[in-house]
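Colleague:
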Amino acid sequence: MSTERQQMLGFYENFPVNVHMTALLTTTISTKKLQQAIIQALHKLNGESLNLEAVTNPSLPECTAIFEFGIAESKTFNYLDQKEAQRALEEIGKTPLRVIDFFCAIRYYKRRESENKPLKFDYYMLRLIFSTDIKAVEIHVYHERGPRHVSPEEIVNFIVSRVNAMFPRKALKFV
């Protein structure tokens, strides 16, 4: 893999300057282990069907949410399937990334009788900036479009809880 390609993995060139939320978290683990855990958690979450109540206090009852994550590469995002997750884990294994950008689509379905009716989806971009000197990660969230059934804060809390569940002790704590 070329050096240019390695440098572009995880970085989206057109990430918005003005974001809807920023969070700062400290970590007790190495940047490499944290990044690998984040990739694994988001890959596992991809396509998982959840009751909306598992993520937020829903404005719509009887709703299902399905998350889909993509990892940035230059001007696009690649769906975080098994192949892409493995590629990212290998790159991080060589050298942790300074920035990792993700695209997140949240698909909503309303349960009606025996079928699920699709609702408008939410589209988010997340930028994770890693600071090795103070063992922290800064998360920027941009809501691109959609009804915001899940808020930027709730997305961050949900991802943090999924990452923390991978460790015996909390790996991420809000500052």
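Quick note on this note's numbering: the sequence shown kicks off at 1298 and runs consecutively.
Just so you know, even glycine gets a beta-carbon here, dropped at the ideal spot from N, CA and C.
Name the one or two DSSP bridge partners that Asn1354 has.
Modeller: Answer by DSSP bridge pairing: none, since Asn1354 is not bridged.
Colleague: Under a Cβ-count criterion, where at least 16 other Cβ atoms within 10 Å of its own Cβ denotes burial, should Gln1332 be classed as buried or exposed?
Modeller: Classification of Gln1332: buried, given that the 10 Å Cβ count is 16 or more.
Colleague: What are the boundary residues of the alpha helix (DSSP H) that Thr1328 is part of?
Modeller: Thr1328 -> alpha helix (DSSP H) spans 1328-1342.
Colleague: Give, in chain order, every unbroken run of the alpha helix (DSSP H) that is at least 4 residues long and sits entirely within the stretch 1348-1396.
Modeller: The qualifying runs are 1379-1391.
Colleague: Here's a check: name, in chain order, each residue in its chain whose Cβ is nearer than 6 Å to the Cβ of Val1434, leaving out the five neighbours to either side.
Modeller: Within the same chain, Val1434 has close Cβ partners Leu1322, Leu1425, Phe1427.
Colleague: Rounding to the nearest angstrom, what Cα-Cα distance links Lys1414 and Gly1443 in this structure?
Modeller: Roughly 16 Å between the two C-alpha positions.
Colleague: Just reading off the alpha helix (DSSP H) that Phe1464 is part of, what are its end residues?
Modeller: Segment: none, Phe1464 is in no alpha helix (DSSP H) and carries neither H nor E.
Colleague: Taking DSSP as the reference, what is the three-state secondary structure of Val1314?
Modeller: Reduced to three states, the DSSP call for Val1314 is coil.
Colleague: To which residues does DSSP link Leu1425 through a beta bridge?
Modeller: Note: Leu1425 sits in a beta bridge opposite Ile1397, Ile1436.
Colleague: Pick helix, strand or coil for Pro1449, following the three-state DSSP scheme.
Modeller: Note: Pro1449 maps to helix in three-state DSSP.
Colleague: Quick check on this structure: which residue in Ser1346, Leu1469, His1446, Lys1329 has the alpha carbon closest to the alpha carbon of Tyr1420?
Modeller: The option with the nearest alpha carbon to Tyr1420 is His1446.
Colleague: Quick one: grab the DSSP three-state call for Ser1458.
Modeller: Helix, per DSSP.
Colleague: Going by beta carbon distance, what residues of the same chain come within less than 8 Å of Met1463, once the five residues before and after it are set aside?
Modeller: Ala1334, Gln1337, Ala1338.
Colleague: Taking C-beta to C-beta, are Gly1390 and Tyr1376 nearer than 8 Å?
Modeller: Result no, Cβ atoms of Gly1390 and Tyr1376 do not sit closer than 8 Å.
Colleague: Of all the options Glu1310, Phe1400, Thr1328, which has the alpha carbon lying nearest to the alpha carbon of Ile1273?
Modeller: A question about residue 1273 goes unanswered here, because the residues of the chain that appear run from 1298 up to 1472.
Colleague: Using alpha carbons as the reference points, say which of His1440, Pro1449, Asn1311 lies closest to Glu1370.
Modeller: When only C-alpha atoms are compared, the closest one is Asn1311.
Colleague: Around the Cβ of Ala1351, are there at least 16 other Cβ atoms within 10 angstroms (buried) or fewer (exposed)?
Modeller: When all chains shown are included, Ala1351 counts as exposed.
Colleague: Determine the direct distance from the alpha carbon of Phe1418 to that of Phe1374, and round the result to whole angstroms.
Modeller: Whole-angstrom Cα-Cα distance: 17 Å.
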